[in-house]
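A short write-up of the structure that comes next.
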Amino acid sequence: MKASEYIKAYIALLRLDKPVGIWLLLFPTLTALYIATIESGIQVQLSTLFIFTFGSIAMRSAGCAINDYFDRNFDGEVSRTKNRPLVLYPHLAKHALYLALIFAVLSGLLVILFFNVKTILLALLALIIAATYPLFKRFFSLPQAYLGLAFSMGIPMVYTAQNFAVSWVTYALLLANILIVFAYDTAYAMVDKPYDIKLGIKTSAIFLGKYTQICIIICTLLYWFMQAYIAYFYANLLLSAFLLAFGLLKIVKYDYRHLYSSNSKDYFSVFTSNQYALIFTFLGWFIYYLFI
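Going by numbering that gives the first Met the number 0, the sequence shown opens with residue 0, and the numbers climb by one from there.
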């Protein structure tokens with residue numbers, strides 16, 4: 000392989016060419032960061048903002064590399080993943096492990112150098128969850144719920160990193176994010192459902208059967224109601240109504256129509272659309288933070 004081919008393969012392994020996963024991990028963490036600072040009445044520190052931004056990118060990249068390593072014998076059988084690096088270049092399997100280790104260590108060093116013991120322990124737990132997620136698809140019928148936990152660990156870390164009290168809002172944000180991750184990743188799993196059944200991979204899209212679409216809608220609806228309630232409690236009625244109206248509009252005008260389509264591309268579009276939903280939630284809180 001040429002050097003340019005290695006670089007291209009590494010970028011694909013880390014999914015740096017497909018940043019949707021970065022936004023899905025990053026923006027709930029940043030939303031929690033700004034809500035936590037609003038609760039405490041202090042300003043967001045740029046150093047903290049940088050660490051959580053870099054950490055989200057690094058952990059997502061590490062998670063993708065380790066996921067491709069564990070799934071390398073399955074990806075070639077699935078239309079959507081048949082061109083992933085470890086399918087095209089099997090000899091790069093160890094490289095995927097090295098890349099995952101490097102990015103995990105980089106994010107871990109930042110946490111160790113700048114944060115307290117509680118945050119370090121949460122970061123270690125987040126790493127364990129991210130590393131073991133691919134294995135859960137072998138035996139656990141709802142691996143999307145486990146992924147929801149992996150994608151939500153940044154929320155409690157935001158509070159412990161700044162020595163803020165962990166309140167009911169922390170747990171509400173954690174639960175809301177687990178619900179929305181479960182919803183969009185179940186929609187994502189619907190794309191590969193025929194292949195997963197054939198390969199014996201377990202997903203919530205298979206487990207829930209004919210109730211899959213309604214479960215996605217309910218989880219999405221609960222996310223927006225919880226976000227609206229937190230906004231009403233800690234911000235104002237305007238932000239609360241703004242978030243709830245956006246969420247309901249998205250569900251009625253976009254999610255419902257695409258989830259009940261027979262085209263697998265529509266399921267994938269529900270997944271990708273959630274990056275904009277989470278960015279919208281963050282922007283709502285960020286604008287409020289700027290003007291309080």
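Don't be surprised by glycine CBs; every beta carbon is placed ideally from N, CA and C.
Would residue i be called buried (16 or more neighbouring beta carbons within 10 Å of its own) or exposed?
| i | result |
| --- | --- |
| alanine 294 | Residue coverage of the chain in this structure runs from 0 to 291, which leaves residue 294 outside it and unanswerable. |
| phenylalanine 51 | buried |
| valine 165 | exposed |
| valine 190 | buried |
| asparagine 66 | buried |
| phenylalanine 181 | buried |
| valine 269 | buried |
| proline 142 | buried |
| alanine 244 | exposed |
| leucine 289 | exposed |
| threonine 202 | buried |
| isoleucine 215 | buried |
| valine 168 | buried |
| isoleucine 229 | buried |
| alanine 129 | buried |
| leucine 108 | exposed |
Beta carbon of residue i, beta carbon of residue j: below 7 Å?
| i | j | result |
| --- | --- | --- |
| alanine 31 | isoleucine 177 | no |
| alanine 95 | leucine 198 | no |
| proline 133 | phenylalanine 53 | no |
| alanine 171 | tyrosine 266 | no |
| alanine 61 | alanine 125 | no |
| isoleucine 278 | phenylalanine 114 | no |
| leucine 87 | arginine 59 | no |
| leucine 105 | alanine 57 | yes |
| tyrosine 210 | alanine 35 | no |
| glutamine 301 | leucine 242 | With the chain represented from 0 up to 291, any question about residue 301 goes unanswered, as that position is not in the structure. |
| serine 140 | phenylalanine 206 | yes |
| alanine 234 | tyrosine 287 | yes |
| lysine 136 | isoleucine 200 | yes |
| leucine 98 | alanine 92 | no |
| alanine 188 | alanine 175 | no |
| methionine 156 | threonine 118 | yes |
| tyrosine 194 | valine 77 | yes |
| leucine 258 | glutamine 212 | yes |
| aspartate 184 | leucine 123 | no |
| valine 19 | threonine 271 | yes |
| serine 360 | phenylalanine 138 | Residue 360 lies beyond the range of the chain shown here (0 to 291); nothing can be said about it. |
Just curious, the alpha helix (DSSP H) that residue i is in, first and last residue?
| i | result |
| --- | --- |
| glycine 54 | 45 to 69 |
| lysine 81 | Segment: none, lysine 81 is in no alpha helix (DSSP H) and carries neither H nor E. |
| histidine 94 | 92 to 113 |
| serine 268 | 263 to 290 |
| aspartate 184 | 167 to 190 |
| tyrosine 233 | 211 to 233 |
| glutamine 143 | 142 to 149 |
| tyrosine 259 | From DSSP, tyrosine 259 is part of no alpha helix (DSSP H); its letter is neither H nor E. |
| phenylalanine 206 | 203 to 206 |
| methionine 156 | 153 to 160 |
| phenylalanine 26 | 19 to 39 |
| tyrosine 132 | 116 to 135 |
| leucine 236 | 236 to 249 |
| tyrosine 164 | The question names tyrosine, but residue 164 in the sequence shown is alanine. Note, alanine 164: premise wrong, no alpha helix (DSSP H); not H, not E. |
| glutamate 4 | 2 to 12 |
Rounded to the nearest angstrom, how far is the Cβ of residue i from that of residue j, given a contact under 8 Å?
| i | j | result |
| --- | --- | --- |
| phenylalanine 285 | tyrosine 9 | Actually they are not in contact, since the Cβ atoms of phenylalanine 285 and tyrosine 9 sit about 32 Å apart, beyond 8 Å. |
| aspartate 254 | threonine 280 | Their Cβ separation, rounded to whole angstroms, is 15 Å, which puts aspartate 254 and threonine 280 out of contact at 8 Å. |
| alanine 160 | threonine 47 | 7 Å |
| isoleucine 179 | tyrosine 222 | 4 Å |
| glycine 283 | leucine 238 | 6 Å |
| threonine 28 | serine 55 | 6 Å |
| isoleucine 291 | isoleucine 37 | 7 Å |
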